[in-house]
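Notes for the one structure printed next.
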Amino acid sequence: MATVSLSSVPKRLRMVEDFRCTSCQELNLEESADIYCEACQKFYCKRCGHLHNQLSTEHTTVGRGDIKKWPVPKEVEDFLRMCEAHENKTLTQFCQDHTQLCCSDCVVKIHSQCSKVTQISELTNSQPTGLEGMSVELETVLGEIKTLQISQKASIQSLQKTYKEHSAVMIEQMRGNLNTYIDECDNSSVGTSGGNEQYLKEEMCRSVLSIMNEFDNITAKELNEMKDEVISIKGSVTISMHKCTSLHNDLSHFHEIVQKIGDHKQLCLMASIKCKHIIQQALTLLGKSGKAFNVQSNTEHNVRIPSDSYECSITGICVLTDGQVLVADRGNNRVKLLNQQYQVVSHCDVTEYVEDMCQITPSEVAVALDDDSNTHNVQFITVSQSQLTLGRKLELHHGCSGIACHQGELFICSGTALFKYILNGKQLCRLYEDRSSVNTVWKCAVSPTGDRLYITSWHNKLLTLARDGTLLATYTDPALEWLTGLHVTPAGQVLVCGRWSYTVLQVGWEGQSKLANLATWEKDGVRLPWSVCYSSITSSIIVGQLGDNILVFRVE
Ligand SMILES: [Zn+2]
Ligand SMILES: [Zn+2]
Ligand SMILES: [Zn+2]
Ligand SMILES: [Zn+2]
Numbered sequence: 001m002a003t004v005s006l007s008s009v010p011k012r013l014r015m016v017e018d019f020r021c022t023s024c025q026e027l028n029l030e031e032s033a034d035i036y037c038e039a040c041q042k043f044y045c046k047r048c049g050h051l052h053n054q055l056s057t058e059h060t061t062v063g064r065g066d067i068k069k070w071p072v073p074k075e076v077e078d079f080l081r082m083c084e085a086h087e088n089k090t091l092t093q094f095c096q097d098h099t100q101l102c103c104s105d106c107v108v109k110i111h112s113q114c115s116k117v118t119q120i121s122e123l124t125n126s127q128p129t130g131l132e133g134m135s136v137e138l139e140t141v142l143g144e145i146k147t148l149q150i151s152q153k154a155s156i157q158s159l160q161k162t163y164k165e166h167s168a169v170m171i172e173q174m175r176g177n178l179n180t181y182i183d184e185c186d187n188s189s190v191g192t193s194g195g196n197e198q199y200l201k202e203e204m205c206r207s208v209l210s211i212m213n214e215f216d217n218i219t220a221k222e223l224n225e226m227k228d229e230v231i232s233i234k235g236s237v238t239i240s241m242h243k244c245t246s247l248h249n250d251l252s253h254f255h256e257i258v259q260k261i262g263d264h265k266q267l268c269l270m271a272s273i274k275c276k277h278i279i280q281q282a283l284t285l286l287g288k289s290g291k292a293f294n295v296q297s298n299t300e301h302n303v304r305i306p307s308d309s310y311e312c313s314i315t316g317i318c319v320l321t322d323g324q325v326l327v328a329d330r331g332n333n334r335v336k337l338l339n340q341q342y343q344v345v346s347h348c349d350v351t352e353y354v355e356d357m358c359q360i361t362p363s364e365v366a367v368a369l370d371d372d373s374n375t376h377n378v379q380f381i382t383v384s385q386s387q388l389t390l391g392r393k394l395e396l397h398h399g400c401s402g403i404a405c406h407q408g409e410l411f412i413c414s415g416t417a418l419f420k421y422i423l424n425g426k427q428l429c430r431l432y433e434d435r436s437s438v439n440t441v442w443k444c445a446v447s448p449t450g451d452r453l454y455i456t457s458w459h460n461k462l463l464t465l466a467r468d469g470t471l472l473a474t475y476t477d478p479a480l481e482w483l484t485g486l487h488v489t490p491a492g493q494v495l496v497c498g499r500w501s502y503t504v505l506q507v508g509w510e511g512q513s514k515l516a517n518l519a520t521w522e523k524d525g526v527r528l529p530w531s532v533c534y535s536s537i538t539s540s541i542i543v544g545q546l547g548d549n550i551l552v553f554r555v556e
């Protein structure tokens, strides 16, 4: 199996596990060191140490209990001083603009325009060099990655279980249909005689065939659709699991190094900078990136097509892996596919108002359909070679205003409650409910790891829930009047838009405070924004609104 590595801790370093006895090493023996003698500048194992202490009684030695006073192993020092981007280059400088350690190549190639690049040796006087707290921070992140790995394994198992159960039910249903039919034949054939058998046999063949055909056309097609989803989701969870494993290794490695550096100021500083970077990578993977977006520029794109009868109203946006974009147009009961230049290249019609849309796999979405009265559906749509095809439809017994998907689990808002479903349309539970008013649970989104759920209420509120529906945080903001649009990026950044306040903003992953104002009516011409989505491919935020134009903001 191929593994995806996020950082480049060299393999050879992973082999170095412990301090070795210097005397034994000279005899080609591998013995773990027990003491260090500063006078000899040597490590000794228990046996050699005993001998050393007898021969050199005046030497003071340091035991493992005081390991911080032991010298930094050469491998550790080499590793800390090595540039990860440029082979055989030593880190000598620090760019304060990027908070990054640099080798001479880095400085020339990446940081030539940066305002503050200093020698690491000068830095130890101005920067704190302690590693206090780093160990604990690394341990916390390591624990969270372990938890994520466990939940990823569970996801794959429950996904396979859902599919198996569903196919068993379907086959059982067909068996039932066949049995019922045969029973009917049996009853009607009682009392008939001669000549009729041939007719009965033909009639039976025809009917069995029609039952089988129906199974092929509807059930088998649905099962295939689900099978493709299971395979695709399993694939992406597996990739994420590899990333976790690789990052876990790197973090454990740094955890080990931090214990071994002792009081060497410069190395402590370098280790602390490198640790912070790897912890940041881990937080991004855990969907806890606190990085605020910074808008660079914006453009408008018309998504109206000649056959549209009404003004567009974009209530949902999904970005596919190839950079194509799907928009849900509530104004025209349509889902439209846009190319990378945001031009409509294809579309498909749906039967009710499209309230929301979410991604199931890289090539499939589910749309929330509602006629504002009795019909509430989830319609699956597949994209293949720039064509949209309608897939299965789940019928719901409650309103359907918002939808989100995480590794085969569907989260659906009814207007006043949030329900959890699985891919075959089976409702698992009600996670949250607020009947105090209308539209209290309007749209929903899931954090990248599935451990937090976000829901919006038209009453200026964003709620953050735990996986089990427990309320964790409430964010209220007058700038989020009629909070309709909601999106969580792969790094866990939460984007929301207030429809009546004509604003788009970013809230921290904890769902407690605002991180950035991204767009407004005055500055950017946002008008009744209804949906928002981040594209990591183009590094932009796409805003859908009432009107024929979508807005695209380039961000950093
Ligand atoms: Zn000694
Ligand atoms: Zn020894
Ligand atoms: Zn470099
Ligand atoms: Zn720089």
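Residue numbers (UniProt numbering): 1 to 556. Don't be surprised by glycine CBs; every beta carbon is placed ideally from N, CA and C.
(request) Report the residue from Arg-81, Ser-23 and Ile-542 whose alpha carbon sits nearest the alpha carbon of Ser-272. (result) For this step, residue 272 is matched to residue 272 along the sequence shown. Selected option, being the one with the closest Cα: Arg-81.
(message) As a quick exercise: from Leu-27, Cys-40, Asp-18 and His-248, pick the residue whose alpha carbon is nearest that of Ala-33.
(response) Numbered from its first residue, the sequence shown carries residue 33 at position 33. Selected option, being the one with the closest Cα: Asp-18.
(message) Given this structure, state the Cα-to-Cα distance separating Ala-220 from Ser-232, to the nearest angstrom.
(response) The residue you call residue 220 lines up with position 220 of the sequence shown. The residue you call residue 232 lines up with position 232 of the sequence shown. So the two alpha carbons sit approximately 18 Å from each other.
(message) For a quick check, are the C-beta atoms of Val-446 and Phe-411 less than 8 Å apart?
(response) As a first step, residue 446 is located in the sequence shown; it is residue number 446 there, counting from the start. As a first step, residue 411 is located in the sequence shown; it is residue number 411 there, counting from the start. Result yes, Cβ atoms of Val-446 and Phe-411 sit closer than 8 Å.
(message) Could you check whether the Cβ of Tyr-44 sits closer than 8 Å to any Cβ belonging to chain B?
(response) Although the question refers to chain B, the structure presented lacks it and comprises just one protein chain.
(message) For ligand 1, I want to know if Ser-23 counts as a neighbour, meaning its beta carbon is within less than 7 Å of at least one of the ligand's heavy atoms.
(response) Here residue 23 refers to the residue found at position 23 when the sequence shown is read from its first residue. No, the beta carbon of Ser-23 sits no closer than 7 Å to any heavy atom of ligand 1.
(message) According to DSSP, is Phe-254 part of a helix, a strand, or is it coil?
(response) On the sequence shown, residue 254 is found 254 positions in, with the first residue counted as 1. In the structure shown, Phe-254 sits in a helix (DSSP, three-state: H, G or I).
(request) Write down the C-beta distance between Gly-508 and Leu-515 rounded to the nearest angstrom, noting that I regard them as a contact closer than 8 Å. (result) Residue numbering aside, residue 508 sits at position 508 when the sequence shown is read from its first letter. Residue numbering aside, residue 515 sits at position 515 when the sequence shown is read from its first letter. With a Cβ gap of about 5 Å, Gly-508 and Leu-515 count as contacting.
(request) Please confirm whether any heavy atom of ligand 2 lies closer than 7 Å to the CB of Glu-31. (result) In the sequence shown, counting from the first residue as 1, residue 31 sits at position 31. Answer for Glu-31: yes, Cβ within range of ligand 2.
(request) Please work out which residues of its chain come closer than 6 Å, Cβ to Cβ, to Ser-236, disregarding the five sequence neighbours upstream and downstream, and give them in chain order. (result) Your numbering for residue 236 matches position 236 in the sequence shown. Within the same chain, Ser-236 has no close Cβ partners at all.
(request) Anything with a beta carbon under 6 Å from a heavy atom of ligand 1 counts; list them all in chain order. (result) Cys-37, Ala-39, Cys-40, His-52, Ser-56 and His-59
(message) Suppose contacts are defined by Cβ-Cβ distances below 8 Å. Is Val-354 in contact with Val-325 by that definition?
(response) To locate residue 354, count along the sequence shown from 1; it is residue 354. To locate residue 325, count along the sequence shown from 1; it is residue 325. No, these two residues do not count as a Cβ contact at 8 Å.
(message) Once DSSP output is grouped into helix, strand and coil, what is the label at Ala-33?
(response) Position 33 of the sequence shown, counted from the first residue, corresponds to residue 33. Three-state result, Ala-33: coil.
(request) For Ile-279, I'd like the list of residues in its chain whose CB is within less than 8 Å of its CB, leaving aside the five on either flank, ordered along the chain. (result) Here residue 279 refers to the residue found at position 279 when the sequence shown is read from its first residue. Around Ile-279: Glu-137, Leu-138, Val-141 and Leu-251.
(request) Below 7 Å CB to CB, which residues in the same chain sit around Leu-148 once its five sequence neighbours on both sides are set aside? (result) On the sequence shown, position 148 is the one that residue 148 refers to. Excluding residues within five positions, the ones whose Cβ falls inside 7 Å are Cys-244, Leu-286 and Thr-449.
(request) Could you check what DSSP says for Asp-329 in three-state terms: helix, strand or coil? (result) As a working mapping, residue 329 is identified with position 329 in the sequence shown. Here Asp-329 sits in strand by DSSP.
(message) Below 7 Å, is the gap between the Cβ of Cys-103 and the nearest heavy atom of ligand 3?
(response) For the purposes of this step, residue 103 is taken as the residue at position 103 of the sequence shown. Yes, the Cβ of Cys-103 comes within 7 Å of a heavy atom of ligand 3.
(request) Kindly give me the distance between the Cβ atoms of Gly-316 and Val-367, rounded to whole angstroms, as I take these residues to be in contact under 8 Å. (result) The residue labelled residue 316 in the question sits at position 316 within the sequence shown. The residue labelled residue 367 in the question sits at position 367 within the sequence shown. Confirmed, Cβ separation roughly 7 Å.
(message) Out of Val-532, Gly-391 and Lys-116, which one is the CA nearest neighbour of Ser-313?
(response) Taking the sequence shown and counting its residues from 1, the one referred to as residue 313 is at position 313. When only C-alpha atoms are compared, the closest one is Val-532.
(request) Rounded to whole angstroms, what's the CA-CA distance from Cys-185 to Thr-389? Just pull it up for me. (result) Numbered from its first residue, the sequence shown carries residue 185 at position 185. Numbered from its first residue, the sequence shown carries residue 389 at position 389. Cα-Cα distance, rounded: 39 Å.
(message) Classify Lys-260: buried if its beta carbon has 16 or more other beta carbons within 10 angstroms, exposed otherwise.
(response) Here residue 260 is taken as the residue at index 260 of the sequence shown, counted from 1. Classification for Lys-260: buried.
(request) Tell me whether Val-166 sits in a helix, a strand or coil according to DSSP, three-state version. (result) The residue given as residue 166 occupies position 166 in the sequence shown. Here residue 166 is His; the residue named in the question, Val, does not match the sequence. Here His-166 sits in helix by DSSP.
(message) Give me the DSSP bridge partner(s) of Arg-452.
(response) Here residue 452 corresponds to residue number 452 of the sequence shown, with the count starting at 1. Per DSSP, Ala-466.
(request) Following the continuous alpha helix (DSSP H) through Leu-285, name the residue where it begins and the one where it ends. (result) Taking the sequence shown and counting its residues from 1, the one referred to as residue 285 is at position 285. From DSSP, the alpha helix (DSSP H) with Leu-285 extends over 265 to 285.
(request) Leaving out five residues on either side along the sequence, give the residues of the same chain with a beta carbon under 7 Å from the beta carbon of Val-107. (result) One-based indexing of the sequence shown puts residue 107 at position 107. Once the five neighbours on either side are set aside, the close Cβ partners of Val-107 are Gln-93 and Val-117.
(request) Just mark Leu-471 as buried or exposed, buried being the case when its beta carbon has 16 or more other beta carbons within 10 Å. (result) What you label residue 471 is simply residue 471 of the sequence shown in a count that begins at 1. When all chains shown are included, Leu-471 counts as exposed.
(message) Judging by CA-CA distance, which residue of His-487, Thr-476, Trp-482 and Gly-425 is the nearest neighbour of Leu-453?
(response) Here residue 453 refers to the residue found at position 453 when the sequence shown is read from its first residue. Per the Cα distances, His-487.
(request) Report the option in Ser-437, Gly-469 and Ser-115 whose CA atom is closest to the CA atom of Asp-97. (result) Against the sequence shown, residue 97 aligns to sequence position 97. Among Ser-437, Gly-469 and Ser-115, the Cα nearest to that of Asp-97 is on Ser-115.
(request) Classify Met-15 as helix, strand or coil using the three-state DSSP reduction. (result) Taking the first residue of the sequence shown as position 1, residue 15 is located at position 15. Bear in mind that the predicted position of Met-15 carries a pLDDT of just 39, short of 50, making it too unreliable to give a figure here.
(message) Taking 7 Å as the limit between beta carbons, can you name the residues of its chain near Asp-477, skipping five residues before and five after?
(response) Your numbering for residue 477 matches position 477 in the sequence shown. So the list reads Asn-460 and Lys-514, once near-sequence residues are dropped.
(message) With H, G and I counted as helix, E and B as strand and the rest as coil, what does DSSP make of Ser-307?
(response) Locating residue 307 in the sequence shown gives position 307, where the first residue counts as 1. Reduced to three states, the DSSP call for Ser-307 is coil.
(message) Mapping the DSSP letters down to three states, classify Glu-355 as helix, strand or coil.
(response) Stepping through the sequence shown from its first residue, residue 355 is reached at position 355. Glu-355: strand per DSSP, three-state reduction.
(request) Just grab the DSSP bridge partners of Ser-313 for me. (result) As a first step, residue 313 is located in the sequence shown; it is residue number 313 there, counting from the start. For Ser-313, which the question treats as bridged, DSSP gives the partners Leu-546.
(request) Within the same chain, show all residues whose beta-carbon is closer than 7 Å to that of Asp-349, passing over the 5 residues directly before and after it, in chain order. (result) Residue mapping note: residue 349 aligns to position 349 of the sequence shown, counting from 1. If we look at Asp-349 and ignore the five residues flanking it on each side, its Cβ neighbours are Asn-333 and Arg-334.
(message) Would Ser-289 and Ala-85 be called neighbours here (beta carbons separated by less than 8 Å)?
(response) Here residue 289 refers to the residue found at position 289 when the sequence shown is read from its first residue. Here residue 85 refers to the residue found at position 85 when the sequence shown is read from its first residue. Not closer than 8 Å, so no.
(message) Quick check on the DSSP output: the alpha helix (DSSP H) that includes Cys-106 runs from which residue to which?
(response) Looking up residue 106 in the sequence shown gives position 106. 104 to 109 is the span of the alpha helix (DSSP H), which, as asked, contains Cys-106.
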